[in-house]
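In this note's numbering, the protein residues as written are 130 to 251.
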């Protein structure tokens, strides 16, 4: 499993959810926050990126919307978080509001899993 951040200026990631043997791991809140901490640090190192102006959008997966995850995200993206259980409220499953869910992730998954690789290096 992985996550990827993007904005108008650059891509951040991908960030892989793997164990020490490079096997994919199930995402839980703890692992999600570890990866988000890496993403936040990488975003801060980018030249010309003002984190105070960045919005963050995610899907409604349970590790993303746990109380702990939303607290962490709200601290870093106050009033700029698009997610389940947040303001502003966004229409679920709307392709015009979340293009990655309706095109990019399906396209990437089709290409990444074409040979069903067990590790990111493969």
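Even glycine gets a Cβ: it sits at the ideal position worked out from N, Cα and C.
Fill in: Sequence ranges, alpha helix (DSSP H) only - wholly within the region 144-203, length at least 4
158-174, 191-194
Practice prompt. Tell me whether the beta-carbon of residue 192 lies closer than 8 Å to the beta-carbon of residue 248.
Written response: Sequence index remark: in the chain shown, residue 192 carries index 63 (1-based). Sequence index remark: in the chain shown, residue 248 carries index 119 (1-based). Cβ distance not < 8 Å, so residue 192 and residue 248 don't count as in contact.
Discussion item. Tell me the rounded alpha-carbon separation between residue 160 and residue 148.
Written reply: Here residue 160 corresponds to residue number 31 of the chain shown, with the count starting at 1. Here residue 148 corresponds to residue number 19 of the chain shown, with the count starting at 1. Using only the alpha carbons, I get a separation of about 10 Å.
Worksheet item: Skipping 5 residues on each side, what residues in its chain have a beta carbon closer than 7 Å to that of residue 237?
Response: Stepping through the chain shown from its first residue, residue 237 is reached at position 108. There are no such residues.
Worksheet entry | Check whether residue 180 and residue 173 have beta carbons under 8 Å apart | Here residue 180 corresponds to residue number 51 of the chain shown, with the count starting at 1. Here residue 173 corresponds to residue number 44 of the chain shown, with the count starting at 1. Cβ atoms of residue 180 and residue 173: closer than 8 Å.
Item to complete: Assign residue 241 to one of two classes, buried (16 or more other C-beta atoms within 10 Å of its C-beta) or exposed (fewer than that).
Response: Mapped onto the chain shown, residue 241 falls at position 112. Exposed.
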